[in-house]
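These notes are about the structure you will find just below.
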Amino acid sequence: MSTPLPILIAGGGIGGLAAALGLANKGFAVQVLEKAAQLGEVGAGIQLGPNAFHAFDWLGVGDTARAMAIYVDRLRLMDALTAEEICHIDLGDDFRARFRNPYAVIHRGDLHGVFLKACREHPKVALRTSAEVVRYEQDGGAVTAFLADGERLQGCALIGADGLWSNVRRQVVGDGRPRVSGHTTYRSVIPTEHMPENLRWNAATLWAGPKCHIVHYPLQGWKTFNLVVTYHNDAPEPVAGKPVEEAEVFAGFHHVHPIAQSIIRHGRDWRLWVLCDREPVEGWVDGRVALLGDAAHPMLQYMAQGACMAMEDAVCLAHMLEAHQGDVARALPAYNRQRALRTARVQLQSRAIGEHVYHPAGAHAALRNAVMRAKSQAEWRDVLAWLYGGSGVEPDGAIG
């Protein structure tokens, strides 16, 4: 299968590269346009639900991704005020059997590298850096991407995978600036030998407290622990990756248990992000242009599904273009219909979980504890089935 013009992808992050690989595997020529001077990912660890592994396998990188991941035994919810476990979700044999894949954690840069290597080795993928797409124009037969340096590139389609501040979204949706949550996240990576020995759990652990939380889990063959702490400080403006001192990080955690505090004190080289998302929208398509990943459905981190949803988007997009034999006018709306409500659910539930699981206080927290402790492992698997049970792509017979 071939097309007279390539599919252009604005953005070379995880979502953009996953889309490039999925499309290339189906015979489409793809050109990735990344605004940064180098292809890479900023950040540390991310969590991978079984739906991420469904996507890896479909995209042909399952074995490589599995080799880099760490397979945690459980998702563990701790009370940050009492240092007692509230509940956990067992990720062992029963979980894997139900969802046909494991739950794991991985360094964001390692995951990006999996897709980057596959794209570099694929003859259908061209990668360009220092190539920011600032706007587009289209006619009935093609779309023209205008780069920041004035260059114009033509494609049969343009996929906006250019993140939270997407230039492509600005034209497709036009909904202005992202919504600032007022929650600030601080990230660090701790050498394993510096992590308190009694907390070196093979778990994705969440310490939930009033208007704050702490997350940690092992990374990179147990060489390090990923550490993410978040609190409500009513930050008014978006910030990304700003270095900060420990005193600022610790300011939101004076009220939590000393054991929880001790984790923060082992962090080094802290950087902050002010969390943002957007309201869900149903329409991600404008003619030959479609959005993907954070450009389409930016979400808060509380369901650990941002990268997973972007990879699902990539699977669905390639599936739809193949199923519609490269007919962009039919494939892009079909992709949009398949993905919009599922990702909206994740966006809205991410907000709700932040409010009702991560950050409640008093009676609200006591209710959380009672409800979550009452669930059996089988009930937890039932709760998660909508999210982890598939790839987010309907069978061929359901294609519109």
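Numbers 12 to 411, taken from the numbering used here, label the letters of the sequence shown in order.
Even for Gly, the Cβ is constructed at its ideal location relative to N, Cα and C.
Values in this document were obtained by computation on a predicted structure and should not be read as measured data.
- In the assembly as shown, serine 177 is a buried residue. Its beta-carbon has 16 or more other beta-carbons within 10 Å.
- When the five nearest sequence neighbours on each side are left out, the beta carbons in the same chain lying within less than 6 Å of the beta carbon of alanine 251 are those of Trp284, in order along the chain.
- Judged by their CB atoms, leucine 19 and leucine 169 are nearer to each other than the 8 Å cut-off.
- Under the three-state reduction of DSSP output, cysteine 287 falls in the strand class.
- For glycine 365, the closest alpha carbon among the candidates Arg350, Ala262 and Ser192 is that of Ser192.
- Glutamate 148 sits in a strand when the DSSP states are folded into three classes.
- A direct Cα-Cα distance of roughly 33 Å separates glutamate 290 from tyrosine 82.
- Taking the Cβ atoms as the reference, leucine 359 lies roughly 21 Å from valine 296, outside the contact range of under 8 Å.
- The C-beta distance from cysteine 319 to asparagine 62 rounds to 5 Å, short enough to fall under 8 Å.
- Comparing alpha carbon positions, the residue from Ala389, Arg356, Trp391 and Val339 closest to glycine 151 is Val339.
- Under a 10 Å Cβ-count criterion, glycine 174 is classified as buried, with 16 or more other Cβ atoms of the shown protein chains found around its own Cβ.
- With respect to the 8 Å criterion, alanine 80 and valine 53 are not classified as neighbours on the basis of their beta carbons.
- Aspartate 104: member of the alpha helix (DSSP H) spanning 104-110, first to last residue.
- In terms of Cα proximity to alanine 258, the closest of Pro249, Asp245 and Gln272 is Gln272.
- Scanning Arg85, Trp397, Ala389 and Asp324 for the CA closest to the CA of glycine 171 turns up Asp324.
- In this structure alanine 215 does not touch threonine 140 by the C-beta definition: roughly 33 Å separates them, more than the 8 Å allowed.
- Taken through DSSP and simplified to helix, strand or coil, tyrosine 313 comes out as helix.
- Leaving aside the five residues that flank leucine 127 on each side, the residues in its chain whose CB is nearer than 7 Å to its CB run, in chain order, Leu28 and Leu50.
- Going by beta carbons, leucine 102 and leucine 86 fall inside the 8 Å limit.
- Beta-bridge annotation (DSSP): phenylalanine 236 is paired with Ile201 and Pro229.
- DSSP places histidine 375 in the uninterrupted alpha helix (DSSP H) bounded by 373-384.
- Within the same chain, and ignoring the five residues on either side of glycine 23 in sequence, the residues whose Cβ sits closer than 6 Å to its Cβ are Val43, Glu45 and Leu50.
- Separation of alanine 262 and arginine 276 (C-alpha to C-alpha, rounded to the nearest whole angstrom) is 12 Å.
- In the same chain as histidine 123, and ignoring 5 residues on each side of it, the C-beta atoms closer than 6 Å to its own belong to Ile25 and Glu52, in chain order.
- In the DSSP assignment, aspartate 101 falls within the unbroken beta strand (DSSP E) covering 96-101.
- Cysteine 130 places its beta carbon less than 8 Å from that of alanine 31.
- Around asparagine 244, the same chain offers Thr195 as residues with beta carbons nearer than 6 Å, after the five sequence neighbours per side are excluded.
- Counting other Cβ atoms within 10 Å of its Cβ, valine 394 stays below 16 and is therefore classed as exposed.
- Contact between serine 387 and glycine 278 does not hold, since the beta-carbon distance rounds to 35 Å and is not under 8 Å.
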